[in-house]
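Reviewing the structure listed below.
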Amino acid sequence: MKTRFTYRDSSTDGFVPSVNASKRLSAVGLLLCAGMFAGCSEPVPSGGISEPDPDLVFVRGYRSADDDCKLTGESAFTVEFLDDAADLVTCSTGSAAAATLVSETSSSMVTQTNSYTLYTVPRR
225 MKTRFTYRDS STDGFVPSVN ASKRLSAVGL LLCAGMFAGC SEPVPSGGIS
275 EPDPDLVFVR GYRSADDDCK LTGESAFTVE FLDDAADLVT CSTGSAAAAT
325 LVSETSSSMV TQTNSYTLYT VPRR
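In the numbering used here, the protein residues as written are 225 to 348.
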(Lines of atoms letter the chains of each structure in order from A and count residues from 1; the text may use other names and numbers.)
(Lines give C-alpha, C1' and ligand atoms only; values in the text may rest on other atoms or scores of the structure.)
Protein backbone atom coordinates (compact mmCIF):
# COMPACT_ATOMS: atom_id res chain seq x y z
CA MET A 1 0.00 0.00 0.00
CA LYS A 2 1.64 3.22 -1.16
CA THR A 3 1.13 6.53 0.58
CA ARG A 4 2.51 9.93 -0.14
CA PHE A 5 5.54 9.66 2.16
CA THR A 6 5.94 5.98 3.02
CA TYR A 7 5.12 2.59 1.66
CA ARG A 8 4.53 -0.73 3.31
CA ASP A 9 7.15 -3.32 2.57
CA SER A 10 5.49 -6.73 2.65
CA SER A 11 8.77 -8.58 3.21
CA THR A 12 9.58 -6.78 6.47
CA ASP A 13 6.09 -5.66 7.41
CA GLY A 14 7.47 -2.24 8.36
CA PHE A 15 7.22 1.24 7.00
CA VAL A 16 10.11 2.47 4.87
CA PRO A 17 10.51 6.13 3.89
CA SER A 18 9.99 6.71 0.20
CA VAL A 19 12.57 8.32 -2.05
CA ASN A 20 10.33 11.36 -2.55
CA ALA A 21 10.23 12.08 1.18
CA SER A 22 14.03 11.86 1.41
CA LYS A 23 14.46 14.23 -1.54
CA ARG A 24 12.02 16.70 -0.03
CA LEU A 25 13.80 16.67 3.32
CA SER A 26 17.15 17.21 1.58
CA ALA A 27 15.74 20.15 -0.37
CA VAL A 28 14.31 21.71 2.80
CA GLY A 29 17.69 21.30 4.54
CA LEU A 30 19.50 23.01 1.66
CA LEU A 31 17.04 25.90 1.68
CA LEU A 32 17.50 26.37 5.42
CA CYS A 33 21.30 26.45 5.03
CA ALA A 34 21.07 28.95 2.17
CA GLY A 35 18.77 31.14 4.27
CA MET A 36 21.21 31.15 7.17
CA PHE A 37 24.11 32.23 4.94
CA ALA A 38 22.02 34.92 3.24
CA GLY A 39 21.37 36.48 6.65
CA CYS A 40 25.11 36.90 7.27
CA SER A 41 25.55 39.88 4.97
CA GLU A 42 26.91 43.09 6.40
CA PRO A 43 24.23 45.66 7.31
CA VAL A 44 24.08 48.96 5.47
CA PRO A 45 25.40 51.74 7.71
CA SER A 46 22.64 53.91 9.13
CA GLY A 47 24.61 57.12 8.58
CA GLY A 48 24.83 56.72 4.79
CA ILE A 49 23.16 59.20 2.49
CA SER A 50 21.62 58.70 -0.93
CA GLU A 51 21.99 62.32 -2.02
CA PRO A 52 24.87 63.65 -4.13
CA ASP A 53 28.27 63.42 -2.47
CA PRO A 54 28.83 66.22 0.05
CA ASP A 55 31.71 68.66 -0.15
CA LEU A 56 34.70 66.97 1.44
CA VAL A 57 37.98 68.71 2.27
CA PHE A 58 40.86 66.40 1.35
CA VAL A 59 44.09 67.43 3.09
CA ARG A 60 46.54 64.87 1.63
CA GLY A 61 47.00 61.16 1.04
CA TYR A 62 46.69 59.39 4.38
CA ARG A 63 49.56 56.85 4.31
CA SER A 64 51.56 58.48 1.51
CA ALA A 65 51.22 61.43 -0.87
CA ASP A 66 49.64 59.28 -3.60
CA ASP A 67 47.38 57.21 -1.29
CA ASP A 68 43.81 56.84 -2.56
CA CYS A 69 42.60 57.20 1.04
CA LYS A 70 42.72 60.86 2.05
CA LEU A 71 43.07 62.61 5.38
CA THR A 72 39.85 64.60 5.54
CA GLY A 73 39.39 68.03 7.08
CA GLU A 74 36.45 69.86 8.56
CA SER A 75 33.36 70.69 6.52
CA ALA A 76 29.67 71.01 7.32
CA PHE A 77 29.31 67.30 6.54
CA THR A 78 32.33 66.01 8.51
CA VAL A 79 32.16 68.18 11.64
CA GLU A 80 30.23 65.56 13.64
CA PHE A 81 32.81 62.84 12.81
CA LEU A 82 35.97 64.74 13.78
CA ASP A 83 37.77 63.72 16.97
CA ASP A 84 40.94 65.09 18.55
CA ALA A 85 42.20 61.54 19.23
CA ALA A 86 41.60 60.16 15.72
CA ASP A 87 42.10 60.99 12.06
CA LEU A 88 39.14 61.17 9.72
CA VAL A 89 40.05 59.29 6.53
CA THR A 90 38.00 59.05 3.34
CA CYS A 91 38.38 56.26 0.78
CA SER A 92 36.48 55.43 -2.39
CA THR A 93 33.80 52.94 -1.42
CA GLY A 94 34.85 49.37 -2.15
CA SER A 95 38.38 50.29 -3.23
CA ALA A 96 41.48 48.20 -2.57
CA ALA A 97 42.91 51.15 -0.64
CA ALA A 98 39.90 51.04 1.70
CA ALA A 99 40.36 47.30 2.24
CA THR A 100 44.02 47.73 3.18
CA LEU A 101 43.22 50.67 5.47
CA VAL A 102 40.74 48.51 7.37
CA SER A 103 43.09 45.52 7.56
CA GLU A 104 46.20 47.53 8.56
CA THR A 105 44.66 49.90 11.11
CA SER A 106 42.08 49.78 13.87
CA SER A 107 39.79 52.02 11.83
CA SER A 108 36.03 52.20 12.25
CA MET A 109 33.59 53.19 9.53
CA VAL A 110 31.57 56.25 10.53
CA THR A 111 29.44 56.91 7.43
CA GLN A 112 29.14 56.28 3.74
CA THR A 113 28.09 58.46 0.80
CA ASN A 114 27.40 57.45 -2.79
CA SER A 115 31.10 57.37 -3.68
CA TYR A 116 33.04 57.51 -0.40
CA THR A 117 33.35 55.71 2.91
CA LEU A 118 34.61 57.71 5.90
CA TYR A 119 36.65 56.05 8.64
CA THR A 120 37.95 57.21 11.97
CA VAL A 121 41.49 55.99 12.68
CA PRO A 122 42.73 56.31 16.30
CA ARG A 123 46.10 58.05 16.66
CA ARG A 124 46.97 56.44 20.01
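In this text, a Cβ means the ideal position worked out from N, Cα and C, and glycines have one as well.
Values in this document were obtained by computation on a predicted structure and should not be read as measured data.
For residue i: DSSP bridge partner residues
{"i": "Ala184", "result": "There is no way to answer for residue 184, as the model of the chain reaches only from 225 to 348."}
{"i": "Leu280", "result": "Paired residues: none, contrary to the question."}
{"i": "Ser316", "result": "Tyr340"}
Residue range of the unbroken alpha helix (DSSP H) whose run includes residue i
{"i": "Thr296", "result": "Note, Thr296: premise wrong, no alpha helix (DSSP H); beta strand (DSSP E) at Lys294 to Thr296."}
{"i": "Ala300", "result": "From DSSP, Ala300 is part of no alpha helix (DSSP H); its letter is neither H nor E."}
{"i": "Thr324", "result": "Ala320 to Glu328"}
Range covered by the beta strand (DSSP E) that runs through residue i
{"i": "Thr335", "result": "Ser332 to Gln336"}
Among the options, nearest to residue i - alpha-carbon criterion
{"i": "Ala321", "options": "Gln336, Pro278, Asp290 and Phe305", "result": "Asp290"}
{"i": "Val303", "options": "Ser332, Pro278 and Ser288", "result": "Pro278"}
{"i": "Ser332", "options": "Asn338, Val345 and Ser339", "result": "Val345"}
{"i": "Val334", "options": "Ser319, Tyr340 and Phe305", "result": "Phe305"}
{"i": "Arg287", "options": "Ser339, Asp311 and Pro276", "result": "Asp311"}
Sub-7 angstroms separation of residue i and residue j beta-carbons
{"i": "Lys294", "j": "Thr317", "result": "no"}
{"i": "Arg347", "j": "Ala309", "result": "yes"}
{"i": "Ser319", "j": "Asp292", "result": "yes"}
(request) Determine, using beta-carbon pairs with one atom in the region 325 to 333 and one in the region 296 to 306, whether at least three such pairs fall under 8 angstroms. (result) no
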